[in-house]
Amino acid sequence: MIEILTPVQVDRARRTGALVGDILQTLRERSEVGTNLLDLDRWTGEMIREAGAESCYVDYAPSFGRGPFGHYVCTSVNDAVLHGRPRDQRLADGDLVTLDLAVRLDGIAADSAVSFIVGESRPEESVRLIETTERALDAAIAAAGPGARIGDISSAIGAVLTEAGYPINMQFGGHGIGTTMHQDPHVSNDGRAGRGYQLRPGLLLALEPWVMSDTPVLVTDDDGWTLRSVTGCRTAHSEHTVAITEDGAEVLTRPTS
Numbered sequence: 000m001i002e003i004l005t006p007v008q009v010d011r012a013r014r015t016g017a018l019v020g021d022i023l024q025t026l027r028e029r030s031e032v033g034t035n036l037l038d039l040d041r042w043t044g045e046m047i048r049e050a051g052a053e054s055c056y057v058d059y060a061p062s063f064g065r066g067p068f069g070h071y072v073c074t075s076v077n078d079a080v081l082h083g084r085p086r087d088q089r090l091a092d093g094d095l096v097t098l099d100l101a102v103r104l105d106g107i108a109a110d111s112a113v114s115f116i117v118g119e120s121r122p123e124e125s126v127r128l129i130e131t132t133e134r135a136l137d138a139a140i141a142a143a144g145p146g147a148r149i150g151d152i153s154s155a156i157g158a159v160l161t162e163a164g165y166p167i168n169m170q171f172g173g174h175g176i177g178t179t180m181h182q183d184p185h186v187s188n189d190g191r192a193g194r195g196y197q198l199r200p201g202l203l204l205a206l207e208p209w210v211m212s213d214t215p216v217l218v219t220d221d222d223g224w225t226l227r228s229v230t231g232c233r234t235a236h237s238e239h240t241v242a243i244t245e246d247g248a249e250v251l252t253r254p255t256s
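Just so you know, numbering that gives the first Met the number 0 puts 251 at position 252 of the sequence shown, and the rest follows in order with no gaps.
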């Protein structure tokens, strides 16, 4: 299903997006050496409830996962890149952390992810991975707008990732979003410009470039959810929800401060 939101619904999406951005910003600030992933999950649940919102993840049970996710935020560390299920693990200096969050407020969902390094260490490859996914996300947003096609976004992402020398996994990518978290159209992280669904005002898209430094192949943890690089290399993931407007693409999930 491809859902086109009304102006009233897009305005609600702005509030949801701001909440997602603010929660991720708070979690990033609280992510220090020694912070437990389970505490990040607990804090997320508290902030969602305080806002009168609901989690898109706790009861989420798609075909590629093993039962309901059962947590409020995805916490992926180092070689984990997607769907990282929180566990009893404390962050260490130099860890590359990705936090991925989706919530629904007033009936509209928003989804965002951020990658960052914990502590004082700044491993060169980790910095490069994060910067590359952020540049690819910027390129995707710039390519989105009324009249553009999904292939234009995919091509823009793929060009940045390929130029940086990273292999691209095509199993998981961006997606439509609205009254539910995952909708059509699928937005691959590589593709051909001029192809695919034509964007219209009122469409919401979650755009999410992600990479692994030396492989396109994923492996699933025993928890049935956490996806890691098959080689154990580091990974990064950047994501924003955008609304297609008459003028372009409006980013909804930036933090408000």
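From the three backbone atoms N, C-alpha and C, an ideal C-beta is built for every residue, glycine too.
Keep in mind it's a predicted model, so treat the numbers as computed, not measured.
Check: How would you label Met169, buried or exposed, when you count the other beta carbons within 10 angstroms and need 16 or more for buried?; Outcome: exposed
Check: Mapping the DSSP letters down to three states, classify Asp38 as helix, strand or coil.; Outcome: helix
Check: What is the residue span of the alpha helix (DSSP H) that Gly157 lies within?; Outcome: Ile149 to Glu162
Check: Measuring alpha carbon to alpha carbon, tell me which of Gln24, Glu162, Ala12 and Cys232 ends up nearest Ser256.; Outcome: Gln24
Check: Give the secondary structure of Leu4 by DSSP, where H, G and I count as helix, E and B as strand, and everything else as coil.; Outcome: coil
Check: For the pair the stretch 57-69 and the stretch 207-217, tell me if three or more CB-CB distances fall below 8 Å.; Outcome: no
Check: In the structure shown, what three-state DSSP assignment does Thr131 receive?; Outcome: helix
Check: From Ala163 to Arg233, what does the alpha carbon distance come to, in whole angstroms?; Outcome: 15 Å
Check: For Ile243, write down the residues that DSSP places opposite it in a beta bridge.; Outcome: Ala248
Check: Would you kindly report the start and end of the unbroken beta strand (DSSP E) that includes Arg227?; Outcome: Leu226 to Ser228
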